[in-house]
Amino acid sequence: MTDETVHESQETRSRRGIASYFRRLANRLSRGEPVPADEEQTVTVDPPAESDFEVGVEREDGTVTLEIEMGWEEADGEVETEVVASKATFEVYEDNAEQYRWRLRHDNGNIIADSGEGYASKQKVKQGLESVKNNAPGAYVVDKSKDETAPDDGGSKATFELFKDSGDKARWRLRHDNGEIIADCGQGYASKQKAKQGLQSVKTNARGAPVEEGE
1 MTDETVHESQ
11 ETRSRRGIAS
21 YFRRLANRLS
31 RGEPVPADEE
41 QTVTVDPPAE
51 SDFEVGVERE
61 DGTVTLEIEM
71 GWEEADGEVE
81 TEVVASKATF
91 EVYEDNAEQY
101 RWRLRHDNGN
111 IIADSGEGYA
121 SKQKVKQGLE
131 SVKNNAPGAY
141 VVDKSKDETA
151 PDDGGSKATF
161 ELFKDSGDKA
171 RWRLRHDNGE
181 IIADCGQGYA
191 SKQKAKQGLQ
201 SVKTNARGAP
211 VEEGE
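Here it is as structure tokens:
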């Protein structure tokens, strides 16, 4: 059988970003679900109940490498490519004021996030949703009622803020480090717990969500 590299990537990440990646793998493994190998969740592996597991730490020319490897017979586990693992879709559309907006719609029909503002062009709104794709998964969550602040460790360039609106409803917004709000929950929640569940769905589904453009 011919050897094949199905997926390979390399980048610099913060400790928190790496932890988020391993947490996603751990959650899927514990539930017995296919595990996404890439951030976009387009490549998944479905390992068997037991597999070879190897951990190694190497030092070479002043560089330390931590290697974690799983292995199994191909017939015992599946590999899928071009997967759409996200349970949501970004919809780009033009509003009544001829401004471009996006909304993130869950497969159950609920809108779980929106752009919160209109953009002058389709290119600008796409840049906005790409910022959400890149920053939502690793963003800290802070409770504004407790005057919390996000640690400055580079885990994400944005922070989820939990707050109460004028109608005493719980809400969240995703604020970029430059001060701009790049995503909004679009609705009030009856409790802070419900708002947290809503933003967690955005964290989970935004990165791999496909983008559909309206006419």
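When we follow the UniProt record's numbering, the leftmost residue of the sequence shown carries the number 1, and every step to the right adds one.
Even for Gly, the Cβ is constructed at its ideal location relative to N, Cα and C.
Beta-bridge partners of residue 262, as assigned by DSSP: Residue numbering for the chain in the displayed model covers 1 to 215; residue 262 lies beyond these limits and cannot be assessed.
Of all the options P36, S201, E4 and T5, which has the alpha carbon lying nearest to the alpha carbon of residue 219? In this structure the chain extends from 1 to 215, so residue 219 is not present and cannot be described.
Residues bridged to T44 (per DSSP): For this step, residue 44 is matched to residue 44 along the sequence shown. Paired residues: P36 and E80.
Spell out a yes or no on whether the segment 126 to 139 and the segment 155 to 162 are touching, meaning 3 or more CB-CB pairs, one atom from each, closer than 8 angstroms. yes
Measure from the alpha carbon of D46 to the alpha carbon of each residue in R13, T81 and I68, then state which is nearest. Counting from one through the sequence shown, the residue named residue 46 turns up at place 46. Measuring from the Cα of D46, the nearest candidate turns out to be T81.
What do you reckon, are the CB atoms on G186 and Y93 nearer than 8 angstroms? Here residue 186 refers to the residue found at position 186 of the sequence shown. Here residue 93 refers to the residue found at position 93 of the sequence shown. Not a contact, by the Cβ cut-off of 8 angstroms.
State the DSSP-derived secondary structure class of E130, mapped to helix, strand or coil. Counting from one through the sequence shown, the residue named residue 130 turns up at place 130. It is helical.
Have a look at residue 254 and H7 and give me their C-alpha separation to the nearest angstrom. The question about residue 254 has no answer, for the chain in this structure spans 1 to 215.
From R101 to T63, what distance separates their C-alpha atoms? Residue mapping note: residue 101 aligns to position 101 of the sequence shown, counting from 1. Residue mapping note: residue 63 aligns to position 63 of the sequence shown, counting from 1. Rounded to the nearest angstrom, the two C-alpha atoms are 46 angstroms apart.
E74, DSSP secondary structure in three states: Here residue 74 is taken as the residue at index 74 of the sequence shown, counted from 1. Helix.
Given a cut-off of 8 angstroms, decide if A170 and A195 are closer than it, judged by their beta-carbon atoms. By one-based count along the sequence shown, residue 195 stands at place 195. By one-based count along the sequence shown, residue 170 stands at place 170. Yes, the pair counts as a contact, with Cβ atoms nearer than the cut-off.
So what does DSSP say about K122, is it helix, strand or coil? Residue mapping note: residue 122 aligns to position 122 of the sequence shown, counting from 1. Looking at K122 - three-state DSSP - the assignment turns out to be helix.
Pairwise C-alpha distance: Q41 and R207: Counted from its first residue, the sequence shown places residue 207 at position 207. Counted from its first residue, the sequence shown places residue 41 at position 41. Each residue's alpha carbon lies about 8 angstroms from the other.
Among all the DSSP beta bridges, which residues are the ones paired with A190? Position 190 of the sequence shown, counted from the first residue, corresponds to residue 190. DSSP output for A190 lists no bridge partner at all.
Can we say the segment 72 to 80 touches the segment 117 to 124, given the rule of at least three CB pairs closer than 8 angstroms? Using a C-beta cut-off of 8 angstroms, the segment 72 to 80 makes no contact with the segment 117 to 124, since fewer than three inter-stretch Cβ pairs fall below that distance.
C-alpha gap between W72 and F163, whole angstroms: Along the sequence shown, read from residue 1 onward, the residue named residue 72 stands at position 72. Along the sequence shown, read from residue 1 onward, the residue named residue 163 stands at position 163. One C-alpha to the other measures close to 47 angstroms.
Using DSSP bridges, identify the partner residues of V142. For the purposes of this step, residue 142 is identified with residue 142 of the sequence shown, where counting begins at 1. DSSP output for V142 lists E161 as bridge partner(s).
For V6, does the three-state DSSP call read helix, strand or coil? As a first step, residue 6 is located in the sequence shown; it is residue number 6 there, counting from the start. It is coil, neither helix nor strand.
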